[in-house]
Each structure stands twice: as C-alpha cells, then as structure tokens.
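Data first, discussion second: the structure below is written as structure tokens.
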Amino acid sequence: MFLFKQRKFLFITVASVIIAALGTASTGNADSPRSPKYRYPNFPNQPSFKRRVKNVILFIGDGMGDSEITIARNYSVGAAGRLTIDTLPFTGEYTTYSLQEKNPKLPDYVTDSAASGTGWATGNKTSNGRISTTAGTDKDLKTILELAKERGYKTGDVSTAELTDATPAVLVSHVSERSCQGPQDMAPCPQDKKSAGGPGSIAEQSIDHNVDVLLGGGKQRFDQTIDGGKFAGKTVIDAAKAQGYQVVTNAAQLQTAQPGSKLLGLFSPGNMSLEWAGQPAIIYPGSGPQRCLENQRPANQPSLADMTSKAISLLEEQPGRGGFFLQVEGASIDKRDHAGNPCEQIGETVALDRAVKVAIEYAKEHPDTLIVVTADHGHTSQIIPAPTATNHSPGKFSTLITADQAEMTVNYATNLPEQSQEHTGTQVRIAAQGPQGANVVGVLDQTDLFHILARAIGAE
C-alpha cells in the first residue's frame, strides 16, 4: 500500500508539472501568417529554463542541414566521433518554410536565407527574398538585434559571406529585396533608396544601426557612394568612420583592434575565402576517392573562429555592466553545397564548428551565456551507396576517404548537373547550452527561435 501511494504521488507530481508547463507556455507570434501554435516548455523545476541570460551567441550554419553535419562528422572525426556542435546538451529540430509573396496565407515549403533569417530575427514569416519586411505589404519588422540594443546590450554581426548577404542582413536592415546590398544595387528597392527618403541599402542600414562589431566580407558594397541624406556623395565606409567606426581590412589589423569604438571589419571584396579545397562532384562515375586539401584560407583573412573570439572580446562589458548579443554565420556551407563541392562544404562546416568551440570555452568562465547553434535551411548533399554503372542515382557524385579510412559517396541531385543545386524544405537541427537553452527541445518552427531569444534578453 505504501509503495502504491508513493507511485500515485509521483504520477500526480509529474502530471502537475506538465499541466503547469502547458498552462504557462507562450505561443508563437499571432500576427505572423501561418504562425505555428507551438507552446514553449516552461518546467519550473528546471533551472536551465529560467536562469538569467547575460550574453547570447547565435551560430547559423547556412545550409547546414542534418546531412551536411553528418558528412562533416564522418569525414573529419569518423562516424563514431562527435563534432563540437554535437556536444551541446539540448537538441531539437525546427521547420523552415516561408510564405508565398502573392498569397501570404499559403506556405512556400522551400525557404531561402532571407525569409528564413527574417523568421528567427523577427518572429514573423515572410516570402523568399525579403529582409525583415512583411510579405505583400512590405512593412518593417523589428529584429532581435534592435530589441537587444534597446535594452542596452552590445551587439555584433559576423559572417564569412558579404556582411550585406541575407543572414547577417536580417538583423540590421529592412528591404524588400535581398539583392539591394549597396547604394548602387537599389534598382529592385527604389522605395528604400536614401534619395527617395528611405533607409538606404543593407550596407547603409548596417552602419546606421550602430552595431558595435561588424566582421565579414563585402567591402565592395561599402565602397559604393551614398545617393542621399546626410552622407550623400560619400562612401558607406566614409559614413561609418564619421559615425565612430574603426575600419580594419586584414587579420593583423583585426587582432590589434582595441575596445572603445565600434568596429567594421571588411576582409574581402565579396565573400571571404574558403578553408578547404577539393575535387567537385561530377556525373557518374563521380570524382575521387579523395582527401581534402586543408588550410587554404589566405593568411590575411581571419578565420571564423578568430572573428568570433575577437567579437566576444570587444563586446564583453566590464564587470557589473550589461551583456551582449552576437550572431555568427558560417555562410559558405550553403554556397559550396550549391556548387556541389563536398570538400569545400565540409571545410566551412568544420570552421563553424571551431567557432562554436570558442564560444563554449568562453561560456565555461561565463555560465550566464546562452549559446544556440542552428541552420537556416536544409540543402542538397546526401550520403548514398557507392554508384555502379548499372545502378546509380541522378546528379553528381564525389567519393571521399573519411577519418575512418573508409569511402563515403556524396551525391548532389536537386538540380540538373550543370546548374546550382537547390535548398530543400526539410526541418533542421537547433541545439543550445546555457541558461534557457532547454527551450530548444522538441520540434519548433524558425519563428520560435526569435521568442526564445527575446525571452532570454528580457524583451518578452
């Protein structure tokens, strides 16, 4: 009888916690068309859900679906090994669909980076190509970085792509078309031009947002001349310097940059150089077997890990003061997946993994830091059986010799062999550690990440 009472008490206690969690949970943004009705877990006895968050570091692996993670793991540490991102204690998945521009009540099942980034940056879904603006109506959507600045957080935006590319752009700009990256790129966004009274291009808005640390590629956009407003006739870099930015253009200058002023680091005209090289996938019989060529990044460009480390050191406040919000993107996982080059894709995934390790080491001494690692969408690469002349899939192939000293065949087949490969509509991983990190467990939607982050910084 006593054992029965104990079991009954345990059942009632667990049920009470679950009911309380469901009853107190918040929902997705009701103003977002097709917004999921996900309920956040909120178990009161789990300190990881409610502890105070001082710093937030968000890592985005562009195009880093589960297949891309598995390919990088198998190649670099073996099938039974684990990447740094595999060690985060809380793991879930989230859906990534966007909206149709002409009928925003309907989903577009395959998102691009602009719409997906808008999802976690603002808590609202939008149509492909839009940067933190609404589908159809072109209204600006407040971003998590803007909310963080309002609450006194220092802010940073780091990418291996151009800083005006979609993923870094969604935090710091609002335009109707992602290609409106510099003042001379504004033909698709005439209403946003500064000469028309708009906020300007993505590059101009990045500076005008007074982000404390901006590091990445895309100097060609910032070299363009502003066509209206206070800095008309000057380049975006000139405007940045006038607004208190220190500008650096190589790895050595980055290392010597000191706190006390905002920092703009532009390390290449376009996207930053790749870490690894190798043979691209080709039609049957495919390329390889091959090992990848590592350490290909030129010495004058900092690694993603180096940029992450420097950004953290510059954003970190003195004791007793506020925290920071930092987004870090490994951008060319996606770009080399489009190109069907597994070695280049793996090298960029490993580079992101090393950057995550930097954050984890920082969090050991600063346990009030929330780290989230996720992707914006899935991509094309798949591990398949070795093809034969009589039995092979369509598309392109490359065989790699992995850390296990075994052969692994990677296939790219979401577009005709000679064309750029396509994104996929699969759900992707989200993982976290630190206070409130347990909120990522289960199956979420991309827009839920905004609410998790907003909750962490006290904006919700």
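To convert, count from 1 in the sequence shown and add 17; that's this note's numbering. We treat Cβ as the ideally placed atom computed from N, Cα and C, and that holds for glycine.
Item, Value
"Proximity below 8 Å, CB of G234 to CB of F284", "yes"
"Euclidean distance between Cα positions of L396 and L433", "Checking the displayed sequence, the identity of residue 396 turns out to be His instead of Leu. Near 15 Å, if we compare the C-alpha coordinates of L433 and H396."
"Beta-bridge pairing of P124 - partner residues as DSSP gives them", "L116"
"Check: G340 C-beta below 7 Å from any heavy atom of the ligand ADP", "This structure lacks the ligand ADP, and indeed carries no ligand of any kind."
"Burial state of D385, where buried means 16 or more other Cβ atoms lie within 10 Å", "exposed"
"8 Å Cβ cutoff met for H468 and G140", "yes"
"CB-CB length for P207 against A213, believed under 8 Å", "6 Å"
"Close beta carbons around L461, own chain, < 7 Å, minus the five adjacent residues each side", "Y55, G109, Y111, I447"
"Meets three-Cβ-pair contact criterion under 8 Å: the region 401-415 and the region 268-284", "no"
"For A449, the first and last residue of its enclosing beta strand (DSSP E)", "445-450"
"Beta-carbon proximity of V175 to F342, cut-off 8 Å", "no"
"Local conformation of V478 per DSSP, three classes", "Nothing about residue 478 can be reported from this structure: the residues present for the chain run from 18 to 477 only."
"Ordered list of alpha helix (DSSP H) runs contained in the region 143-215, each at least 4 residues", "161-167, 183-189"
"Residue(s) in a DSSP beta bridge with K279", "Y262"
"Cα-Cα separation between D155 and S133, rounded to whole angstroms", "16 Å"
"Where the beta strand (DSSP E) through A392 begins and ends", "386-392"
"Exposed unless 16 or more other CB atoms sit within 10 angstroms - verdict on R408", "As written in the sequence, residue 408 is Asn, which differs from the Arg given in the question. Exposed, by the Cβ-count rule."
"Anticipated Cβ contact below 8 Å, G153 with R195, distance rounded", "Not a contact, Cβ separation roughly 16 Å."
"Nearest residue (CA-CA) to D157, options G95, Q450, K142", "K142"
"Proximity below 8 Å, CB of I219 to CB of T181", "yes"
"Cβ pair count under 8 Å reaching 3, the region 347-355 against the region 75-85", "yes"
"Where the beta strand (DSSP E) through I74 begins and ends", "72-78"
"Classification of G40 by the beta-carbon crowding that lies within 10 angstroms, buried from 16 upward", "At G40 the pLDDT is 35, less than 50, meaning the model places this residue with poor confidence; the figure from the coordinates comes in the next sentence. When all chains shown are included, G40 counts as exposed."
"Residue range of the alpha helix (DSSP H) that includes I299", "Where I299 is concerned, there is no enclosing alpha helix (DSSP H), given that its DSSP letter is neither H nor E."
"C-alpha distance - D393 paired with L75, whole-angstrom precision", "12 Å"
"Beta-carbon proximity check, A178 vs T172, cutoff 8 Å", "no"
"Three-state secondary structure (DSSP) of T104", "helix"
"Same chain only: Cβ atoms within 8 Å of G98, ignoring 5 sequence neighbours per side", "R90, A420"
"Distance, E333 Cα to S304 Cα", "46 Å"
"CA-to-CA distance, P402 to I299, given in whole angstroms", "16 Å"
"Cβ shell of Q362 (< 7 Å), same chain only, five flanking positions each side left out", "E85, I350, R353, D354, S398"
"Beta-carbon gap between A274 and L331 smaller than 8 Å", "yes"
"8 Å Cβ cutoff met for T113 and V445", "yes"
"Classification of R314 by the beta-carbon crowding that lies within 10 angstroms, buried from 16 upward", "buried"
"Beta-bridge partners of G395, as assigned by DSSP", "T441"
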